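So in full-length UniProt numbering the end of the sequence shown lands on 253, straight run, no missing numbers.
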Amino acid sequence: MTGLDQLAVLAAGLGAGILTSTVGVASLLSFPVLVAVGLPPVVANTSNTVGMTPAGLSGSFGYRRELAEHPGVTAAVLITAGTGSIAGSLLLLWLPGSVFESVVPWLILGTCVLVGVQPRLSRFVREHTGHSEPRLRVSPGTGVFATLTGLYGGYFGAGSGVMMMAVLGLGTDLEFRTVNALKTFAVMASNVVATIIFLAIADLDWRAVGLLAAGSVIGGYVGSHIGRRLPATVLRSLIVVVGIGAAILMLVR
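Okay, structure coming up:
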């Protein structure tokens, strides 16, 4: 990589770190930059996961107050996202890199719609199922979908944060700021597990990893403070707009 390439990767790490803790589409920024500077797609994917792990760690630290409010849900997210990531990471190394390419944009579009309509949809579900008490635990069904989201996060990860927000937003009645914190924590859990696997058996570009990590650790922490202060309606709107835009870009590229 040239000096300009390295600067671009560092900036991508910073920007993607902020996105990790806010709108949840970080890899849609950082992964294309790694490919653009010459990394093969699979190496770019594995290096991106390892390099973005500090963003999840610093972002989760920034959201530590929100995560401590519901320790049971936090533990459930850790287990489901981490378990799913094991399978996803291994699939990345075993399957052709193009397997999910055709469906990823549609997955992101679908989950953006769910995030947008989640308040009304959750209210409709409560009214028609007789649940008067707020749902403050992860049900078995929500756990299954959270595990599948973790699997996707370990495999590719682009938009996995948005998907986790949709799963938790529909499966629980937690405040939106808490769901956003849990989403960041889920991305962290998925990336940590995938990183352990990739360090053992995958090819990595250590220069790219280091540059991404340096930028993302700052971006993740900064993003957590932005995400906490934004009104829920504004943050939800940003997630939907950015997610739809990213999905469209993936469809037309």
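Note that the Cβ used here is the ideal one computed from N, Cα and C, for glycine as well. Since we're looking at a predicted model, the values are computed, not measured.
Determine the closest residue to residue 172 out of 186, 248, 139 and 187, with distance taken between C-alpha atoms. Here the closest residue by C-alpha is 139.
DSSP on residue 57, reduced to helix/strand/coil? Looking at residue 57 - three-state DSSP - the assignment turns out to be helix.
Tell me the start and end of each unbroken alpha helix (DSSP H) in the stretch 223-253 that is at least 4 residues and wholly inside, in chain order. 232-252
Can a CB atom of chain D be found closer than 7 angstroms to the CB of residue 227? Looking at the structure shown, chain D is missing, and only one protein chain is on hand.
CA nearest to the CA of residue 196, picked from 3, 30 and 50: 50
Own chain, CB closer than 6 angstroms to residue 22, minus 5 neighbours either side, in chain order: 223, 226 and 227
Kindly list the residues whose CB is nearer than 8 angstroms to the CB of residue 68, restricted to its own chain and excluding five residues on each side of it in sequence; keep chain order. Here the set comprises 74.
Chain-order list of residues whose beta-carbon lies under 7 angstroms from that of residue 167 (same chain, five-residue window excluded): 142, 145, 146 and 149
Between which two residues does the alpha helix (DSSP H) holding residue 71 run? 71-94
Considering only their Cβ atoms, is the gap separating residue 216 from residue 17 smaller than 7 angstroms? yes
So, at 6 angstroms on beta carbons, what are the nonlocal neighbours of residue 164 in its own chain, with the 5 sequence-adjacent residues on each side left out? 149, 183 and 186
Rounded to the nearest angstrom, what separates residue 91 and residue 114 at their Cα positions? Answer to the nearest angstrom: the Cα atoms are 27 angstroms apart.
I need the DSSP call for residue 209, collapsed to helix, strand or coil. Three-state DSSP puts residue 209 in a helix.
Which whole-angstrom value is the C-beta distance of residue 20 and residue 56, which I expect to be below 8 angstroms? 6 angstroms
With a Cβ-Cβ cutoff of 7 angstroms, do residue 169 and residue 160 count as a contact? It is not a contact, given that the beta carbons lie outside the stated cut-off.
When the Cα atoms are used, what is the spatial distance from residue 2 to residue 72? Distance between residue 2 and residue 72, taken at the CA atoms: about 47 angstroms.
Please report the Cβ distance between residue 190 and residue 81, rounded to the nearest whole angstrom; I am assuming they are in contact, meaning their Cβ atoms lie under 8 angstroms. 5 angstroms
Pick from 134, 252, 79 and 199 that is closest to residue 89, judged by C-alpha positions: 199
In the structure shown, what three-state DSSP assignment does residue 169 receive? helix
Do residue 213 and residue 54 have their C-beta atoms within less than 7 angstroms of each other? yes
Should residue 232 be labelled buried (16 or more other beta-carbon atoms within 10 Å of its own) or exposed? exposed
Residue 134 - DSSP class collapsed to helix/strand/coil: coil
Would you tell me roughly how many angstroms separate the C-alpha atoms of residue 111 and residue 162, rounded to the nearest one? One C-alpha to the other measures close to 7 angstroms.
For residue 193 and residue 85, believed in contact at Cβ under 8 angstroms, the rounded distance: 4 angstroms
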